Amino acid sequence: NAGVTQTPKFRILKIGQSMTLQCTQDMNHNYMYWYRQDPGMGLKLIYYSVGAGITDKGEVPNGYNVSRSTTEDFPLRLELAAPSQTSVYFCASSYSGGDSHQPQHFGDGTRLSIL
Amino acid sequence: AQSVTQPDIHITVSEGASLELRCNYSYGATPYLFWYVQSPGQGLQLLLKYFSGDTLVQGIKGFEAEFKRSQSSFNLRKPSVHWSDAAEYFCAVGPILTGGGNKLTFGTGTQLKVEL
Numbered sequence: 349n350a351g352v353t354q355t356p357k358f359r360i361l362k363i364g365q366s367m368t369l370q371c372t373q374d375m376n377h378n379y380m381y382w383y384r385q386d387p388g389m390g391l392k393l394i395y396y397s398v399g400a401g402i403t404d405k406g407e408v409p410n411g412y413n414v415s416r417s418t419t420e421d422f423p424l425r426l427e428l429a430a431p432s433q434t435s436v437y438f439c440a441s442s443y444s445g446g447d448s449h450q451p452q453h454f455g456d457g458t459r460l461s462i463l
Numbered sequence: 089a090q091s092v093t094q095p096d097i098h099i100t101v102s103e104g105a106s107l108e109l110r111c112n113y114s115y116g117a118t119p120y121l122f123w124y125v126q127s128p129g130q131g132l133q134l135l136l137k138y139f140s141g142d143t144l145v146q147g148i149k150g151f152e153a154e155f156k157r158s159q160s161s162f163n164l165r166k167p168s169v170h171w172s173d174a175a176e177y178f179c180a181v182g183p184i185l186t187g188g189g190n191k192l193t194f195g196t197g198t199q200l201k202v203e204l
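Chains as they are written, first to last, in the numbering used here: chain V, 349 to 463; chain L, 89 to 204.
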């Protein structure tokens with residue numbers, strides 16, 4: 349009963365380095381999302397995907413890239429890390445079909461510091 | 089554009105006291121409303137949701153919320169708070185109709201502290 353799994357849980361990067369945050373879900377959800385959470389700011393949507401091979405920008409996509417080659421996985425890529433990307437990153441997934449959709453399920457987050 | 093306002097950044101209540109967390113939303117269509125809770129170092133857990141039917145909805149952990157269309161509000165309540173309820177609470181709004189990614193807009197959260 350894993351749900352949404354994010355790795356790593358913590359990471360420290362140097363400015364200019366790159367990394368990939370991993371997200372996988374085992375609920376056969378078609379929709380997946382990446383958010384960042386900054387203190388006092390709530391959650392901001394970075395990118396989302398409505399199915400394998402389909403991705404789209406959210407509210408704050410600059411500096412990030414995503415891909416969705418399978419239903420289960422939705423990695424988030426930081427190419428040139430900047431201090432402004434220090435944040436907690438959450439992956440979420442949900443099912444949408446027909447005339448209904450289900451609430452989003454969240455992973456436990458990745459805490460990323462860029463120094 | 090859609091938005092969610094949680095006017096209380098911090099709330100402190102005594103254990104056993106009642107609780108009400110405020111949420112106001114702005115949305116151009118019939119909204120799908122959610123309350124999530126986040127414990128320290130954890131992800132968000134769904135407390136309850138509303139999109140139609142009875143305007144008073146029950147959730148997990150003894151929480152309930154009331155949808156008031158005329159006030160564009162979806163306030164969260166609990167009759168008697170337990171120390172384990174200390175956490176951050178987020179209200180969110182999204183579309184009822186499927187398609188378009190079903191994107192949610194979150195409020196900035198209310199941090200609840202419970203005094204023993």
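Beta carbons: idealized from backbone N, C-alpha and C, even for Gly. All values derive from a computational prediction rather than experimental measurement.
Would you identify the three-state DSSP class for residue i, choosing helix, strand or coil?
i                : result
Asn163 (chain L) : strand
Lys357 (chain V) : coil
Pro119 (chain L) : strand
Ile402 (chain V) : strand
Ser417 (chain V) : coil
Pro431 (chain V) : helix
Ser127 (chain L) : coil
Gln150 (chain L) : It should be pointed out that residue 150 (chain L) corresponds to Gly in this sequence rather than to Gln. Gly150 (chain L) falls in the helix class under three-state DSSP.
Gly445 (chain V) : strand
Ser114 (chain L) : strand
Gly189 (chain L) : helix
Ser140 (chain L) : coil
Within 7 Å: the Cβ of residue i and any heavy atom of the ligand GTP?
i                : result
Gly457 (chain V) : Ligands are entirely absent from the displayed structure, and the ligand GTP is therefore not among its contents.
Roughly how many angstroms separate the alpha carbons of residue i and residue j, rounded to a whole number?
i                : j                : result
Tyr177 (chain L) : Leu132 (chain L) : 9 Å
Gly455 (chain V) : Ser168 (chain L) : 29 Å
Ala440 (chain V) : Lys149 (chain L) : 22 Å
Gly147 (chain L) : Asn190 (chain L) : 21 Å
Phe358 (chain V) : Met367 (chain V) : 12 Å
Gly195 (chain L) : Gly141 (chain L) : 24 Å
Thr353 (chain V) : Asp386 (chain V) : 20 Å
Pro450 (chain V) : Arg425 (chain V) : Sequence inspection shows Gln at residue 450 (chain V); the Pro mentioned does not correspond to that position. Rounded to the nearest angstrom, the two C-alpha atoms are 27 Å apart.
Pro95 (chain L)  : Leu121 (chain L) : 17 Å
Asn413 (chain V) : Glu103 (chain L) : 45 Å
Ala175 (chain L) : Gln373 (chain V) : 25 Å
Name the DSSP bridge partner or partners of residue i?
i                : result
Trp171 (chain L) : None, per the DSSP bridge assignment.
Val352 (chain V) : V:Gln373
Glu108 (chain L) : L:Arg165
Gln365 (chain V) : Paired residue(s): none; Gln365 (chain V) is not in a bridge.
Arg384 (chain V) : V:Lys392, V:Tyr437
Counting only C-beta atoms, is residue i closer than 8 Å to chain L at any point?
i                : result
Met389 (chain V) : yes
Asp421 (chain V) : no
Gly401 (chain V) : no
Ser444 (chain V) : yes
Phe358 (chain V) : no
Gln370 (chain V) : no
Pro431 (chain V) : no
Gly364 (chain V) : no
For chain V, find out if any of its Cβ atoms is closer than 8 Å to the Cβ of residue i; answer yes or no.
i                : result
Gly197 (chain L) : yes
Against chain B, with Cβ distances strictly below 8 Å, would residue i count as a contact?
i                : result
Gln452 (chain V) : In the structure shown, chain B does not exist; the protein chains are V and L.
* To do: Give, in chain order, every residue of the stretch 125-152 of chain L whose Cβ lies closer than 8 Å to some Cβ of chain V.
  => Gly129, Gln130, Gly131, Leu132, Gln133, Leu134, Lys137
* Within 9 Å of chain L by C-beta, residues of the stretch 373-398 of chain V in sequence order -> Tyr379, Tyr381, Tyr383, Gln385, Gly388, Met389, Gly390, Leu391, Lys392, Leu393, Tyr396, Ser397, Val398
* To do: Give, in chain order, every residue of the stretch 168-194 of chain L whose Cβ lies closer than 7 Å to some Cβ of chain V.
  => Phe178, Thr186, Gly189, Asn190, Lys191, Leu192, Phe194
* Can you give me, in chain order, the residues of the stretch 104-123 of chain L that have a beta carbon less than 9 Å from any beta carbon in chain V? => Tyr120, Phe122
* Listed in chain order, which residues of the stretch 402-413 of chain V have Cβ atoms closer than 8 Å to some Cβ of chain L? -> Asp404, Gly406
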